[in-house]
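**Q** In terms of full-length UniProt numbering, the sequence shown is numbered consecutively and its last residue is 158. The C-beta atom is built at its ideal place from N, Cα and C for all residues, glycine as well. Sharing a structure, written as structure tokens. Questions coming.
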Amino acid sequence: MISLAIDGALFNYRVAGVALLDGKVLLHKTPSDKFWSLPGGRASLFEFSKDTLVREMQEETGMDVDVGEMLWVSENFFVYNGIKHHELGFYYKMEIPSLADQNDFIGVEGDGELLFKWHPVAALSTIKIYPEFLTTELAQNPLRVKQFASGFIDLDKA
């Protein structure tokens with residue numbers, strides 16, 4: 001996975017998917033996190049970003065996905081679990097062809113769990129989502145292609 005430790009900080013290259021269905025978006029979080037994010041994960045060396053999303057969704061949910069067009073590129077600086085992060089994120093439209101329902105479910109992240117939930121897009125302002133631009137951008141219809149950059153946010157204090 002492309003996650004480099006540099007001078008006590010981490011650089012991450014992350015890819016995430018935007019699954020929208022019936023006015024809801026699929027988000028996930030660890031049981032201890034106080035915020036939600038789009039599903040995805042870190043790219044492997046020499047792995048195309050679309051392939052990263054396919055692999056991560058298969059590993060975390062057991063589901064196959066179709067990856068569409070890139071929506072957003074995001075550069076974020078944040079603190080998570082006491083460690084400064086520099087993250088480069090690619091965000092793609094994503095469809096889940098074999099989706100049976102929009103019930104909440106538990107996924108796998110290494111030895112831990114991920115909580116997956118379909119949140120109504122109209123109610124996203126009532127929950128914490130990271131990166132923060134997602135609250136506004138997910139409400140756009142149609143979704144707009146953009147690039148984002150944000151300064152340091154301490155997710156441990158959010």
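List, from N- to C-terminal side, the alpha helix (DSSP H) runs of 4 residues or more that fit wholly inside the UniProt domain "Nudix hydrolase" (1 to 141).
**A** Segments of the alpha helix (DSSP H) lying fully in the UniProt domain "Nudix hydrolase" (1 to 141): 49 to 61 and 133 to 137.
**Q** If we count Cβ pairs, one from each stretch, closer than 8 Å, do we get three or more for the stretch 8 to 28 versus the stretch 88 to 95?
**A** At 8 Å Cβ cutoff, the stretches touch.
**Q** Is the stretch 127 to 137 touching the stretch 145 to 158 in the sense that three or more CB pairs, one from each, lie closer than 8 Å?
**A** The stretch 145 to 158, when compared against the stretch 127 to 137, does touch it at the 8 Å Cβ threshold.
**Q** Determine the DSSP secondary structure at residue 156, reduced to helix, strand or coil.
**A** For the purposes of this step, residue 156 is identified with residue 156 of the sequence shown, where counting begins at 1. Looking at residue 156 - three-state DSSP - the assignment turns out to be coil, as it is neither helix nor strand.
**Q** For residue 106, is the classification buried or exposed, using 16 other Cβ atoms within 10 angstroms of its Cβ as the cut-off for buried?
**A** Here residue 106 is taken as the residue at index 106 of the sequence shown, counted from 1. With fewer than 16 other Cβ atoms within 10 Å, it is exposed.
**Q** Taking all protein chains shown into account, decide if residue 30 is buried (16 or more other Cβ within 10 angstroms of its Cβ) or exposed.
**A** Your numbering for residue 30 matches position 30 in the sequence shown. Label assigned to residue 30: exposed.
**Q** If you count every other CB in all the chains shown that lies within 10 Å of the CB of residue 97, and 16 or more means buried, which is it?
**A** By 1-based counting over the sequence shown, the position of residue 97 is 97. Residue 97 is exposed by the Cβ-count criterion.
**Q** On the premise that residue 37 lies in contact with residue 129, defined as a C-beta separation below 8 Å, what is that separation, rounded to the nearest angstrom?
**A** For this step, residue 129 is matched to residue 129 along the sequence shown. For this step, residue 37 is matched to residue 37 along the sequence shown. Rounded, the Cβ-Cβ distance is 7 Å, consistent with contact.
**Q** Closest to residue 41 by CA distance: which of 55, 79 and 34 is it?
**A** By one-based count along the sequence shown, residue 41 stands at place 41. Cα-wise, what sits closest to residue 41 is 55.
**Q** Is the stretch 42 to 51 in contact with the stretch 71 to 80, if contact means three or more CB pairs nearer than 8 Å?
**A** Judged by Cβ distances under 8 Å, the stretch 42 to 51 makes no contact with the stretch 71 to 80, as fewer than three pairs qualify.
**Q** Once you ignore the five residues that flank residue 7 on each side, which residues in its own chain have a CB closer than 7 Å to its CB?
**A** As a position in the sequence shown, residue 7 is number 7, starting the count at 1. Cβ within range, chain order: n/a, list empty.
**Q** So, at 6 Å on beta carbons, what are the nonlocal neighbours of residue 133 in its own chain, with the 5 sequence-adjacent residues on each side left out?
**A** Within the sequence shown, the letter at position 133 stands for residue 133. Taken in chain order, the residues that qualify are 148.
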